Structures are given as structure tokens and as C-alpha cells.
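In what follows, a single structure is set out as C-alpha cells and then discussed.
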Amino acid sequence: MRGRRGRWHVGFMSEDETLRARGDYVGATADELRRKTSADRTAGVVSQKALFLRRGKVSLHEDRLVLGDWGEAGDLVLRRADITSVEVRFTELYGRFIGGLLNAGKPLILGTVPAGEVYLLIDRKEFMETTDDRAWAARIEAWLSR
């Protein structure tokens, strides 16, 4: 059966049948955040989009976590073995001053084999400076423990 974007799917379950959660993300790798200039960081206080240039849909399936439109090569597809850590916290690369004073603005940080450390803001509400990152961390941790 031919799926979205011309991919072939084998089996009886459609992609939507394996879907556990879906949202919108903005993201960046730790290396990308390290390379930001002070002007970029200043702009990031106004809008996170100045720091997080990657945008798309995030979806958690039975067998994979997908960051849609991650780069020129397309989606970043992560299997359980590809994820080495899951945490929600402020760091020197993305601190409380940029992320907002609320704990709800902390980034979701995934340690990954193919992309290194990945910072995500999932379903971020710009005005409220909140994300669904804590809920996504719990989902991913539960998924990893299977």
C-alpha cells in the first residue's frame, strides 16, 4: 500500500492506527544552539523561532517517534534504541531568561544517537510561554519502557 510522501507501507495497520500522540514542534540540536550569536539569543527572548529553526509535526507511534520535516533529508525517525535520554530542564543553552520564568517553558531534551542532543518545544503557546513538553516527556518515557 502506498502511504504519504510516496513511502510504501507493508502490513495491515495504517499509520494512523499506530499513532499514540501528535503535536507541533519547533526544535534545534544542541550544536545549533551553541552556534547562536548574542543577537540571535536576544531575538530569542522575543520569539523562540529565532533560536529554533526546525519546525514540523511530532508524532509518537507504536514503534517510532517522528520529527516531521526535520531537515533537508526529511523526517527524523527515532526508534527506541535511538533515544538515550529524556529530560525537561533549562540548560546553559536554553535558560529561564529565554524560556520564560515558568517551569512550563522548559525544553524537552532528547539524547539521540543520530542527531545528538535535540531541544524541542512542543505545542508552544507563544503568549503564555508554555509547552506540552512535560506531558510529551512522560509519554516518551512510558513508550521507551515497553
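Note that the numbering used here has the sequence shown beginning at 900, numbered continuously upward. The C-beta atom is built at its ideal place from N, Cα and C for all residues, glycine as well. Every value quoted in this text rests on a predicted model; they were computed, and no experiment measured them.
(request) Tell me T1030's beta-bridge partners as DSSP assigns them. (result) Here residue 1030 corresponds to residue number 131 of the sequence shown, with the count starting at 1. DSSP lists no partner for T1030.
(message) Let me confirm a value: L1030 is counted as buried when at least 16 other C-beta atoms fall within 10 Å, else exposed. Which label applies?
(response) Taking the first residue of the sequence shown as position 1, residue 1030 is located at position 131. For the record, residue 1030 in the displayed sequence is Thr; it is not Leu. By the 10 Å Cβ count, T1030 comes out buried.
(message) So, at 8 Å on beta carbons, what are the nonlocal neighbours of L932 in its own chain, with the 5 sequence-adjacent residues on each side left out?
(response) If you number the sequence shown from 1, residue 932 lands on position 33. Hits under 8 Å: L950, L992, Y993 and Y1018.
(message) Buried or exposed for D930, going by 16 or more other Cβ atoms inside 10 Å?
(response) Locating residue 930 in the sequence shown gives position 31, where the first residue counts as 1. In summary, D930 is exposed, with fewer than 16 beta-carbon neighbours lying within 10 Å of its beta-carbon over all protein chains present.
(request) Using beta-carbon positions only, say whether R954 and V925 come within less than 8 Å of one another. (result) Here residue 954 corresponds to residue number 55 of the sequence shown, with the count starting at 1. Here residue 925 corresponds to residue number 26 of the sequence shown, with the count starting at 1. It is a contact, given that the beta carbons lie within the stated cut-off.
(request) Compute the Euclidean distance between the alpha carbons of D962 and R934, then round it to the nearest angstrom. (result) Taking the sequence shown and counting its residues from 1, the one referred to as residue 962 is at position 63. Taking the sequence shown and counting its residues from 1, the one referred to as residue 934 is at position 35. Straight-line spacing of the CA atoms in D962 and R934 works out to 33 Å.
(request) Let me know the secondary structure DSSP gives A927 once reduced to three states. (result) As a first step, residue 927 must be located in the sequence shown, where it is residue number 28. Note: A927 maps to strand in three-state DSSP.
(request) Spatial neighbours of W1042 within its chain, please: CB distance less than 8 Å, with the 5 preceding and 5 following residues excluded, ordered by chain position. (result) Stepping through the sequence shown from its first residue, residue 1042 is reached at position 143. Taking C-beta separations shorter than 8 Å and ignoring five residues to either side along the sequence, the partners of W1042 in its chain run R919, L959, L964 and R979, following chain order.
(request) Count the other C-beta atoms from every protein chain shown that fall within 10 angstroms of the C-beta of K956, then say buried if there are 16 or more, exposed otherwise. (result) Within the sequence shown, numbered from 1, the residue matching residue 956 stands at position 57. So K956 ends up on the exposed side.
(message) Once DSSP output is grouped into helix, strand and coil, what is the label at D974?
(response) Working through the sequence shown from its first residue, we reach residue 974 at position 75. DSSP places D974 within a strand segment (E or B) once states are collapsed to three.
(message) Let me confirm a value: L952 is counted as buried when at least 16 other C-beta atoms fall within 10 Å, else exposed. Which label applies?
(response) Reading the sequence shown from its first residue, position 53 is the one you call residue 952. When all chains shown are included, L952 counts as exposed.
(message) Which residues does DSSP list as the beta-bridge partners of E1016?
(response) What you label residue 1016 is simply residue 117 of the sequence shown in a count that begins at 1. E1016 pairs with G1010.
(request) Just tell me which of I1008, T936, V985 and G970 has its CA closest to the CA of L1020. (result) Mapped onto the sequence shown, residue 1020 falls at position 121. Comparing alpha carbon positions, the residue from I1008, T936, V985 and G970 closest to L1020 is I1008.
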